[in-house]
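Take a look at the structure below.
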Amino acid sequence: MPEVTVLYFAQARDRLGRDCDTLVLPASADAAAVLAAISARHPANSALIARCRVAVDCQFIAGPVPLSPQSEIALIPPVSGG
Amino acid sequence: MPEVTVLYFAQARDRLGRDCDTLVLPASADAAAVLAAISARHPANSALIARCRVAVDCQFIAGPVPLSPQSEIALIPPVSGG
Amino acid sequence: MSRHVHRIIDGPLPTALLTPAALTAPEHGAIASFIGVVRNHHNGRGVTHLVYDCYRPMAEKLLADLIAEAMRFDADLIAHVHHGIGHMIPGQPSVAIHVATAHRVAAFDACRHLIERIKEDLPVWKQEFYDDGTSLWLKGS
Amino acid sequence: MSRHVHRIIDGPLPTALLTPAALTAPEHGAIASFIGVVRNHHNGRGVTHLVYDCYRPMAEKLLADLIAEAMRFDADLIAHVHHGIGHMIPGQPSVAIHVATAHRVAAFDACRHLIERIKEDLPVWKQEFYDDGTSLWLKGS
Numbered sequence: 018m019p020e021v022t023v024l025y026f027a028q029a030r031d032r033l034g035r036d037c038d039t040l041v042l043p044a045s046a047d048a049a050a051v052l053a054a055i056s057a058r059h060p061a062n063s064a065l066i067a068r069c070r071v072a073v074d075c076q077f078i079a080g081p082v083p084l085s086p087q088s089e090i091a092l093i094p095p096v097s098g099g
Numbered sequence: 018m019p020e021v022t023v024l025y026f027a028q029a030r031d032r033l034g035r036d037c038d039t040l041v042l043p044a045s046a047d048a049a050a051v052l053a054a055i056s057a058r059h060p061a062n063s064a065l066i067a068r069c070r071v072a073v074d075c076q077f078i079a080g081p082v083p084l085s086p087q088s089e090i091a092l093i094p095p096v097s098g099g
Numbered sequence: 006m007s008r009h010v011h012r013i014i015d016g017p018l019p020t021a022l023l024t025p026a027a028l029t030a031p032e033h034g035a036i037a038s039f040i041g042v043v044r045n046h047h048n049g050r051g052v053t054h055l056v057y058d059c060y061r062p063m064a065e066k067l068l069a070d071l072i073a074e075a076m077r078f079d080a081d082l083i084a085h086v087h088h089g090i091g092h093m094i095p096g097q098p099s100v101a102i103h104v105a106t107a108h109r110v111a112a113f114d115a116c117r118h119l120i121e122r123i124k125e126d127l128p129v130w131k132q133e134f135y136d137d138g139t140s141l142w143l144k145g146s
Numbered sequence: 006m007s008r009h010v011h012r013i014i015d016g017p018l019p020t021a022l023l024t025p026a027a028l029t030a031p032e033h034g035a036i037a038s039f040i041g042v043v044r045n046h047h048n049g050r051g052v053t054h055l056v057y058d059c060y061r062p063m064a065e066k067l068l069a070d071l072i073a074e075a076m077r078f079d080a081d082l083i084a085h086v087h088h089g090i091g092h093m094i095p096g097q098p099s100v101a102i103h104v105a106t107a108h109r110v111a112a113f114d115a116c117r118h119l120i121e122r123i124k125e126d127l128p129v130w131k132q133e134f135y136d137d138g139t140s141l142w143l144k145g146s
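Protein sequences appear in the order of chains A, B, C and D. Residues 18 to 99, numbered by the numbering used here, are exactly what the first sequence covers, in order. Residues 18 to 99, numbered by the numbering used here, are exactly what the second sequence covers, in order. Residues 6 to 146, numbered by the numbering used here, are exactly what the third sequence covers, in order. Residues 6 to 146, numbered by the numbering used here, are exactly what the fourth sequence covers, in order.
Written as C-alpha cells, this is what we have:
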C-alpha cells in the first residue's frame, strides 16, 4: 500500500483548495480506484472528481497499473486547450 | 457574325503555335460552337481543343452567350495550378 | 470594402505571404492555412524547375469568386489567397491560402474548399521540366 | 533524430511560430496549418482575458504521442506543434500546428487530427475571465 502523490489542476485545484495530496493507494490500481481514494479525501467534490480522468507517469490509464511511492498520479479534469 | 479574339494558353498556345486568333463567330454562341470554330482553324489539334473549356470575358460559359467584337474569348486547357 | 486579399504574384511567393499573422483577430478563434510548395518529384520523375502560365485577369477575378463561394462555410470569414506564377524551383511556395473564422470547422472546410476549387478552375497551368531534359504541361491534380 | 518540433511555451505564441516557412522543402508539396487565437466572445459573453493551466511534463509527452498518431496519414510527414500557456488576451495566438507532406490530403487530415486530439486529450485547461468580472474553467470544445 504505497503512499503516492496526486497532482491537481485547473478547476480541481481550485475546488479542492490545494495542488496535490499524498494518498495511500493499492500497489495496483485502476482509474476508478484512484478516483475513489481522492473522493474519500474530498467527499464534497466527488461529483467533480468523478468527471476526471487519471494519468500515471504522464499517461492516461484505463486498466490497472502498478503504483509505487515514485509514481506520479494526476487528476485530469475535462481538458480545454487549443 | 462578329470577329472576336480568342486567347490561347499553356499547351494550347504551344501546340497551336500562337497566343491568339481572330475568328468569325455567331452573335450568340455556346462553348461547343466556339470550340468547333477553333477546331476548324486548327484541325490537327481538334483532340486537344475538345478537352478545353471556354471563357468569355473571364467567365466559364455553359449555355450560349452573346458575342461582340469586344468580347474576350479564352480557350482554357485543363488547369493545373496550386 | 472587402477585407479579403487575393492576388496573382510574379514568381514564388515571398515569405511574408506564408504566415497568417495578419489574420489574427479577437473575433476569429481559428485560422486554417494551406501552402503549396513546388515538389522535386512527380510520377517518379525528378523535377528541376517549372513554369506557371496564367490567364491573369480571369485568375484574379476567379479568386474573388472562389472566396465568395467559400463564405458559405462562414459568412464572416476572412480569406487571404495568393498564387505565384512564372519560373519556380522545388521548395519554393506557389500558393498560400489563409482563412480566419470564429470556429475551427468552418476554417478547415473553407480552406480545403479554396484549394480544391483553385485546382479545378483557376486558369493557371504548370509546365514541369524534368532532369532528363524533357518537359510536360500537367493536366490537373 | 526526429525532425518534428513540439513544445509548451509560456505566454502567447511568438509571431515566428505562426508561419510554416521552416517546413517548406522540395519533397513536401503541401503544408496545412492551424492557428488557434484567443476569442473575445464565448457563449455570448465578452472575454477580457484567459489563463491556460497545464500539466506540463504530460503535455510535452502527449504532443509527441499525437504527432506519432498523425503519422498514420503519411509516415513521412513533418509536424511542428506549439501550445502557449498562462495569461493571454483576445487576439493572441495560443496554438500553432503545421504539417508538411508530399500531397495535400494527408496534410489537411493530419493537421485536423492534431487539433482535434489536442482538444480531447492535451492536459491544458482554459479559465476564461468575462467582462462582468466572473470567470469559468471551460469543459472542452
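By construction, the Cβ of each residue, glycine as well, lies at the ideal position given by its N, Cα and C atoms. Since this is a predicted model, take the numbers as computed values, not measurements.
Answer yes or no: do residue i and residue j have a C-beta to C-beta separation smaller than 8 Å?
i                 : j                  : result
Pro-95 of chain D : Arg-44 of chain D  : yes
Pro-17 of chain C : Tyr-60 of chain C  : no
Leu-84 of chain B : Arg-32 of chain B  : no
Ile-78 of chain A : Asp-38 of chain A  : no
His-88 of chain D : Ile-13 of chain D  : yes
Gln-87 of chain A : Trp-142 of chain D : no
Ala-91 of chain A : Met-63 of chain D  : yes
Tyr-57 of chain C : Gly-91 of chain C  : yes
Thr-29 of chain C : Val-42 of chain D  : yes
Glu-65 of chain D : Arg-122 of chain D : no
Ser-45 of chain A : Val-96 of chain A  : no
Counting only the same chain and skipping the five closest in sequence on each side, list residues whose C-beta sits under 8 Å from that of residue i.
i                  : result
Gly-98 of chain B  : none
Leu-67 of chain D  : Asp-126, Leu-127, Pro-128
Ile-72 of chain D  : His-9, His-11, Ala-84, Val-86, Leu-119
Arg-109 of chain D : Gly-34, Ala-35, Ala-37
Ser-56 of chain A  : Asn-62, Ser-63, Ile-66, Ala-67
Trp-130 of chain C : Tyr-57, Asp-58, Cys-59, Trp-142, Leu-143
Leu-24 of chain A  : Asp-36, Cys-37, Glu-89, Ile-90, Ala-91, Leu-92
Ala-21 of chain D  : none
Asp-15 of chain D  : Gly-89, Ile-90, Gly-91
CB-CB under 6 Å to residue i, same chain, minus the five flanking residues each way: which ones, in chain order?
i                  : result
Val-104 of chain D : Ala-37, Leu-82, Ala-84, Ala-112, Ala-115, Cys-116
Ile-93 of chain B  : Cys-69, Arg-70, Ala-72
Phe-78 of chain C  : Ala-111, Asp-114, Ala-115
Arg-30 of chain A  : Asp-36
By the DSSP assignment, the alpha helix (DSSP H) with residue i in it spans what residues?
i                  : result
Val-96 of chain A  : First-last for Val-96 of chain A: undefined, no H or E at that position.
Phe-39 of chain D  : Taken as a continuous stretch (DSSP letters only), Phe-39 of chain D belongs to no alpha helix (DSSP H), being part of the beta strand (DSSP E) at 35-42.
Ala-75 of chain C  : 61-75
Ala-107 of chain D : That residue, Ala-107 of chain D, is in no alpha helix (DSSP H); it is neither H nor E in DSSP.
Leu-65 of chain B  : 63-67
Leu-52 of chain A  : 48-58
Got a sec? Which residues, its chain only, sit under 7 Å from residue i by beta carbon, not counting five neighbours each side?
i                  : result
Val-41 of chain A  : Met-18, Glu-20
Glu-133 of chain D : His-47, Val-52, Leu-55, Ser-140, Leu-141, Leu-143
Met-6 of chain C   : Annotation note: pLDDT 44 at Met-6 of chain C (below 50); position unreliable, no value reported.
Met-76 of chain D  : Leu-82
Ala-54 of chain A  : Leu-40, Leu-42
Can you tell me the Cβ-Cβ gap for residue i and residue j, rounded? I've got them flagged as a contact below 8 Å.
i                 : j                 : result
Pro-25 of chain D : Leu-23 of chain C : 6 Å
Ala-80 of chain C : Glu-32 of chain C : Between Glu-32 of chain C and Ala-80 of chain C the Cβ distance is about 13 Å, and since that is not below 8 Å, they are no contact.
Reducing DSSP to helix, strand and coil, say where residue i ends up.
i                  : result
Leu-28 of chain C  : helix
Met-6 of chain D   : Legend: pLDDT at Met-6 of chain D = 44, less than 50; position of this residue unreliable, no value from coordinates given.
Met-93 of chain D  : strand
Thr-53 of chain C  : strand
Phe-113 of chain C : helix
Pro-98 of chain D  : strand
Arg-32 of chain B  : helix
Leu-23 of chain C  : coil
Ile-78 of chain A  : coil
Asp-15 of chain C  : strand
Lys-131 of chain D : strand
Leu-119 of chain C : helix
Ala-44 of chain B  : coil
Asp-126 of chain D : helix
Ala-27 of chain B  : helix
Pro-19 of chain B  : coil
Leu-141 of chain D : strand
Ala-80 of chain C  : coil
Pro-83 of chain A  : strand
Asp-58 of chain C  : strand
If you measure beta-carbon to beta-carbon, which residues of the segment 83-105 of chain D are closer than 8 Å to chain F? Considering every chain present, this structure includes no chain F. Its protein chains are A, B, C and D.
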